[in-house]
Amino acid sequence: PSNLQIIIGVAQSFGVESETFANVFNGMLGRAFQHGQESTAKPAKARRQPGAPRQPRTDSKQARVLELMRRPEGATLAQIAETTNWQSHSIRSFISTAKKKGIEIATNHVRMVGPNKQGSPGSTTTYFVA
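In this text, residue positions in the sequence shown follow the working numbering: the first is 1, and each later residue adds one.
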């Protein structure tokens with residue numbers, strides 16, 4: 001049986017007109033639900049201006065990455081990966097998304113002279129927030 005059928009059965013067992021009881025009880029449930037919705041509602045956030053860059057949370061990995069890139073020496077993929085435990089494709093995705101959100105990110109690509117561990121010249125890219 002449904003909850004409504006159970007409520008009607010209880011009302012009938014007490015000799016109360018089932019339809020009246022069901023309507024009153026349903027109204028009480030509605031008010032209780034509305035009160036619950038109001039008590040758990042979050043306060044409205046301040047709206048940002050259209051076109052203004054979004055501000056990341058200050059306690060997030062993204063905020064730490066941006067902090068690294070704001071240093072005068074910037075940050076390399078290896079430094080970002082060490083700080084966040086992200087893989088390189090995740091770091092590149094973050095940088096791409098940050099640029100789309102209006103954060104100006106500059107890169108400095110340096111090609112190394114001489115062979116790396118695999119026998120070919122290596123390179124490094126440093127990222128900066130302008």
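Backbone N, C-alpha and C define an ideal beta-carbon position, used for all residues, glycine too.
In this text the structure is predicted, and so the values were computed from the model without any measurement.
- When DSSP assignments are scanned along the region 39 to 117, the uninterrupted stretches of alpha helix (DSSP H) that are 4 or more residues long and fall wholly within it turn out to be 61 to 70, 77 to 84 and 88 to 100.
- Taking a C-beta distance under 8 Å as the contact criterion, T126 and G74 qualify as a contact pair.
- In its own chain, leaving out the 5 sequence neighbours on each side, no residue places its CB closer than 6 Å to the CB of A78.
- P43 and I95 have their alpha carbons spaced roughly 31 Å apart.
- The beta carbons of I105 and A98 sit about 6 Å from each other, so the pair counts as a contact at 8 Å.
- The Cβ atoms of A11 and A22 sit closer than 8 Å to each other.
- The three-state secondary structure of V129, taken from DSSP, is strand.
- In the three-state reduction of the DSSP assignment, S123 falls in the strand class.
- When secondary structure is reduced to three states using DSSP, E19 falls in the helix class.
- For S2, there is no enclosing alpha helix (DSSP H), since its DSSP letter is neither H nor E.
- Counting C-beta atoms within 10 angstroms of its own C-beta, M69 has 16 or more neighbours from the protein chains shown and is therefore classed as buried.
- In the structure shown, F33 adopts helical secondary structure according to DSSP, grouped into three states.
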